[in-house]
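Numbering (this note's numbering), first residue to last: 1 to 366.
For glycine and all other residues, C-beta sits at the position ideal for the given N, C-alpha and C.
Notes to accompany the following structure.
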């Protein structure tokens, strides 16, 4: 039986996709490129992503096609198989990057003496357990973990109020700041474009008529949290410190000091954040499994463990160290991610057209 998720769960999944992974280190390159005006990047990015969402869904009428997109076991044309293959490549690149980013972060902050291989194996055991349980379980766990993180991140400006320095935000705008903002937008787009991962579960949404609104809300939630982190980082740390920091978000929460006995809230917040990146990677692993099931036209859960550990070791072997990962994430991924996302969007429009024609043909028969 096909698993279904609600519109609320979809919104939280989308928000988690565009916040849990990028928040580790993406603020560093955005603030490095955009300087003191980088905080406006999420605000500009929102209407751009909304435009992509409207391109995907079109008019919110005749939504029967949503229930028939990329169904496992259904007849498929070459264009749908091409979409799945390209989507598979997109997911693998992203899961390798995010998994290694999480491992390096944990190795740096929490477990500095533990080898990366051990961290990868332990992480993958948890991730596979969540992913193999199905989309509904992934959505429920994401709903719980992201809701807790949302509350904490939304409180950051108040927790750091005594550390704010508005001089770090000046000068505000000007013609000379436009090139810097455009560079920051270019760096950000390939990461925020990961909302397109929802395409693989587009037929699992119930009710289907609320899918578009759910994706729009989820995008807004994720970008809102990202705005809070960027703005707070600028106001508290300033661009000079952020440029030299590998993990500016960690440095930001280390500034929280409520009382003498509550001066290490950074560890608590880190532990709250970790489950959200686990659920993001679990969703990506589920997406990989869905792609293989679509091509195989049957259940491929039995292959999930070996696939997961191959990807895990690939994340270890591809990057020599954290700096190698950051160079890939900040520079190489920008162009690769952008090309893959635009190609996926273009091909999906043809997939959507084929599905609509198939649905209309079946309705005409009946």
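Proximity of residue i and residue j at Cβ, strictly below 8 Å
i, j, result
"residue 229", "residue 355", "no"
"residue 123", "residue 103", "yes"
"residue 235", "residue 321", "no"
"residue 177", "residue 69", "no"
"residue 16", "residue 210", "no"
Alpha-carbon spacing of residue i relative to residue j, whole angstroms
i, j, result
"residue 47", "residue 189", "12 Å"
"residue 125", "residue 131", "10 Å"
"residue 319", "residue 244", "21 Å"
"residue 194", "residue 18", "6 Å"
"residue 274", "residue 313", "20 Å"
"residue 293", "residue 205", "19 Å"
"residue 97", "residue 334", "12 Å"
"residue 172", "residue 26", "22 Å"
"residue 300", "residue 5", "21 Å"
"residue 115", "residue 109", "13 Å"
"residue 78", "residue 52", "24 Å"
"residue 8", "residue 207", "10 Å"
"residue 57", "residue 348", "10 Å"
Of the listed residues the options, nearest to residue i (C-alpha basis)
i, options, result
"residue 43", "3, 159, 182 and 163", "182"
"residue 99", "161, 317, 34 and 250", "317"
"residue 310", "272, 128 and 34", "128"
"residue 307", "257, 121 and 280", "121"
"residue 54", "7, 215 and 197", "215"
"residue 325", "282, 105 and 115", "105"
"residue 101", "85, 119, 90 and 87", "119"
"residue 20", "282, 186, 291 and 57", "282"
"residue 84", "351, 247 and 358", "351"
"residue 10", "200, 331, 167 and 158", "200"
"residue 95", "30, 302, 341 and 277", "277"
"residue 271", "59, 250 and 287", "250"
Residue i - containing alpha helix (DSSP H), residue span
i, result
"residue 182", "178-192"
"residue 22", "First-last for residue 22: undefined, no H or E at that position."
"residue 46", "41-57"
"residue 126", "116-132"
"residue 78", "78-109"
"residue 273", "265-296"
Closer than 8 Å to chain C by CB, residue i
i, result
"residue 232", "No chain C is part of this structure, which consists of one protein chain only."
Cβ-based neighbour list, residue i, same chain, cut-off 8 Å, excluding 5 preceding and 5 following
i, result
"residue 336", "93 and 190"
"residue 12", "139, 142, 143, 146, 147, 218 and 221"
"residue 304", "128, 131, 132, 285 and 289"
"residue 237", "168, 245, 248, 251, 252 and 255"
Other residues of its chain near residue i: CB distance less than 6 Å, five sequence neighbours each side excluded
i, result
"residue 153", "225 and 228"
"residue 248", "27, 28, 233 and 242"
"residue 88", "291"
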